[in-house]
Amino acid sequence: MAYSKQHTFIAKTLHNLEDVLAKELESLGAENIEVGRRAVSFIGDKALLYKANLRLRTALRILKPIHHFKANNPDALYQELVKFPWDSIMRVDQSFSIDTTVFSDNFTHSKYVGYRAKDALVDYWRSKEGKRPNVSLEAPDIYINIHIAQSEVTVSLDSSGESLHKRGYRDVQTDAPINEVLAAGILLKAGWDGSTDLLDPMCGSGTFLIEAALIARNIAPGIYRKGFAFEQWLDYDAKLFEELYNDDSEEVEFEHKIYGSDILPHAIRVSDSNVRRAGVQANVQLDIQAFQDRPSPSSPCLIVMNPPYGERLKLADPRELYAMIGERLKHNYPGCKAWIIAYKTEHFDGIGLKHNTRTELMNGSLECELRSYELFAGKREDFKRKSRDEQPKDKRSERKARFAGKAMERRRFDERKSGERPKQKSDFRTDKTDNKREERTQSFGRNRQDDARGKKPFYRNERTDHKRLEKAEGRKGLWPSDRFNYTDTEGKVRRRKAPVHIIQTFKSEDK
């Protein structure tokens with residue numbers, strides 16, 4: 305199967321990092337970028353595929369779709385895959401693995417889908433060469449991805465192999481380290497570009513520190529990896545990839561400093577090892593220090609934090625920890641911006657500061673939130689007033705007249721310009737008035753029976769036959785009350801129209 309010069313690719317990412325990934329792809333020169341759910345599709349050539357694996361910071365893997373069809377059951381899937389020309393994709397002596405993702409009512413078991421796909425591929429080679437390729441779950445030569453959405457099946461080649469969050473610079477780690485792709489996504493969402501200092505006062509394994517240094521110096525995060533899956537493809541261009549891999553022309557100098565600290569000496573040793581392995585030790589300064597003991601920075605900086613959640617790392621009192629974070633941020637870091645990722649709403653409640661933005665993110669299997677804070681001294685109302693006053697205002701002399709350079713056109717209300725749509729003739733009974741109070745008054749008067757007879761308690765369509773209701777429901781006391789009715793001498797209930805004089809009568813025993 306010959307690959308075309310331009311091809312559609314799919315970059316997978318984490319939840320709510322799709323917009324960041326799309327901007328990265330745009331900077332690489334990708335075309336027809338479309339954002340999906342935890343994925344971004346784009347069009348590019350082979351060079352762009354290699355650059356995407358090397359330079360994208362928020363991508364987990366890059367897929368290349370090679371076959372698309374419909375199937376309603378595993379047998380139909382098998383029949384389609386056994387006919388596919390697998391010799392254009394791989395050699396029989398290459399090992400392979402199949403990863404399946406299923407969102408379908410027809411396919412209920414993703415592993416069974418993988419088994420049937422494996423059978424189809426093996427049977428294809430047996431009928432063609434008389435032998436079969438091996439399956440390898442640990443380090444296959446060819447990574448195959450099958451995605452099923454109801455009856456739509458997409459077969460793709462995984463060009464990355466191992467997930468791209470495995471950069472290769474982390475040889476040791478502390479408990480519960482943050483994902484490298486997530487750390488880079490948070491930094492890019494925070495607008496980090498290396499123009500200020502950066503602080504991570506609970507640095508752990510140093511992931512934020514290293515990713516910040518790579519972004520500030522524009523170093524490709526993929527240069528630390530041992531390899532990519534596309535290096536085993538039949539159309540692999542080793543010369544092209546080597547040129548892209550060794551191209552450091554886009555790297556820049558970083559004039560500021562990245563500070564990392566942690567209360568645990570073991571965490572600082574781990575961070576130092578990873579920082580040196582990444583080769584950014586000149587840009588990172590590490591200290592064994594508690595956050596509450598850090599002095600105020602000499603100039604505004606960006607603060608990123610991934611405090612312990614109390615899930616994998618147990619905490620004696622989480623609220624006390626997060627209350628301390630809020631107090632320190634408020635009093636020691638005016639003029640700075642802080643971005644904090646945490647697991648529970650109670651953690652942010654403990655911080656006690658009003659956030660500017662918040663974004664839902666997945667940290668492993670935990671549904672977390674990323675919140676940003678603009679830190680200032682004093683009250684928020686004073687800070688907002690000062691910010692408004694500092695905004696540049698146009699001088700009166702620089703302001704243009706309302707109709708500068710053009711005289712105000714005058715025309716009759718019933719005239720219209722050429723090309724202007726004619727107004728539809730309005731119905732005066734339904735046309736709204738400009739005066740809302742007048743409109744309300746008029747509608748109120750129209751609905752009510754005020755007129756000259758005085759205001760009555762009913763609207764026109766809301767009269768109720770109370771006598772009928774009394775008979776139907778078998779109860780009395782409905783409005784109008786008994787004082788509006790009277791019972792005559794024959795026992796009939798009549799409506800009182802005028803004062804009634806009741807005359808007592810006597811029945812004589814005589815004839």
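Residues 305 to 815 (the numbering used here) make up the sequence shown, in order.
Each residue gets a CB set at the ideal place from its N, CA and C atoms; glycine is no exception.
Everything numeric in this text was worked out from a predicted model, so none of it was measured.
Item                                                                                                                                                                : Value
Where does asparagine 667 land, buried or exposed, given buried means 16+ other C-beta within 10 angstroms?                                                         : buried
Thinking C-alpha only, which one of Ser669, Glu338, Leu325 and Leu548 is nearest arginine 361?                                                                      : Leu325
Enumerate, from N- to C-terminal direction, the unbroken alpha helix (DSSP H) stretches of 4 or more residues contained entirely within the stretch 536-585.        : 542-550 and 569-582
Helix, strand or coil: which one does DSSP assign to glutamate 442?                                                                                                 : coil
Would you kindly report the start and end of the unbroken beta strand (DSSP E) that includes phenylalanine 313?                                                     : 311-316
Should isoleucine 370 and alanine 343 be called a contact, given that it needs their Cβ atoms to be closer than 7 angstroms?                                        : no
I'd like the list of long-range same chain contacts for proline 378, defined as Cβ closer than 8 angstroms, with 5 residues on each side in sequence excluded.      : Phe411, Tyr416, Val417 and Arg420
Leucine 513 and isoleucine 592 look like a contact to me (Cβ under 8 angstroms); what is the Cβ gap, rounded to whole Å?                                            : About 15 angstroms; that fails the 8 angstroms criterion.
Using CA coordinates, which residue listed in Arg798, Leu606 and Ser401 is at the minimum distance from leucine 502?                                                : Leu606
To the nearest angstrom, how far is it from the Cα of aspartate 397 to the Cα of proline 437?                                                                       : 6 angstroms
If you reduce the DSSP assignment to three classes, tell me which class glycine 758 lands in.                                                                       : Here glycine 758 scores only 47 on pLDDT, less than 50, and its place in the model is too uncertain to base an answer on.
Helix, strand or coil, according to DSSP, for lysine 374 in the structure here?                                                                                     : strand
What are the complete alpha helix (DSSP H) segments, minimum 4 residues, inside the stretch 446-533?                                                                : 484-493 and 511-521
Apart from the five residues on each side of it in sequence, which residues of its chain come closer than 6 angstroms, Cβ to Cβ, to glycine 354?                    : The identity of residue 354 in the sequence shown is tyrosine, whereas the question assumes glycine. For tyrosine 354, where only same-chain residues beyond five positions count, the Cβ hits under 6 angstroms are Phe545 and Leu548.
Give the straight-line distance between the Cα atoms of threonine 317 and asparagine 449, rounded to the nearest whole angstrom.                                    : 15 angstroms
Give the range of the beta strand (DSSP E) segment to which serine 345 is assigned.                                                                                 : 343-348
In terms of DSSP beta bridges, what is isoleucine 366 paired with?                                                                                                  : Ala315
Keeping to the same chain, check which residues put their C-beta closer than 6 angstroms to that of leucine 633; ignore five residues upstream and five downstream. : Ala642 and Leu679
Alpha carbon to alpha carbon, how far is serine 575 from aspartate 427?                                                                                             : 49 angstroms
Would you report the Cα separation of proline 761 and aspartate 792, rounded to the nearest angstrom?                                                               : At proline 761, the pLDDT of 49 sits below 50, so the modelled position is not reliable; the number obtained from the coordinates is stated separately. Approximately 27 angstroms between the Cα atoms of the pair.
Name the two residues that bound the continuous beta strand (DSSP E) containing aspartate 403.                                                                      : 400-407
Taking isoleucine 366 as the reference, which of Val797, Arg581 and Gly465 has the closest Cα?                                                                      : Gly465
I need the straight-line Cα distance from glutamate 554 to tyrosine 382, nearest angstrom please.                                                                   : 47 angstroms
Given this structure, state the Cα-to-Cα distance separating aspartate 349 from lysine 368, to the nearest angstrom.                                                : 11 angstroms
In the DSSP assignment, find the alpha helix (DSSP H) that holds serine 431 and state where it starts and stops.                                                    : 414-433
DSSP on valine 386, reduced to helix/strand/coil?                                                                                                                   : helix
Taking the DSSP output, what are the residues bridged to threonine 793?                                                                                             : Beta-bridge pairing links threonine 793 to no other residue.
In this structure, how does DSSP classify methionine 628 when only helix, strand and coil are distinguished?                                                        : helix
In this structure, how does DSSP classify valine 324 when only helix, strand and coil are distinguished?                                                            : helix
Report the three-state DSSP secondary structure of leucine 657 (helix, strand or coil).                                                                             : coil
To the nearest angstrom, how far is it from the Cα of lysine 435 to the Cα of tryptophan 429?                                                                       : 6 angstroms
Measure the alpha-carbon distance for threonine 458 versus leucine 518 and round it to whole angstroms.                                                             : 35 angstroms
Tell me, which residues are paired with valine 608 by DSSP?                                                                                                         : Trp643
Beta-carbon within less than 7 angstroms of aspartate 423's beta-carbon, same chain only, minus the 5 sequence neighbours each way: which residues are those?       : Tyr382
Measuring only the C-alpha atoms, how far is histidine 651 from glycine 498?                                                                                        : 29 angstroms
Based on the DSSP output, what are the partners of asparagine 667 in its beta bridges?                                                                              : Leu670
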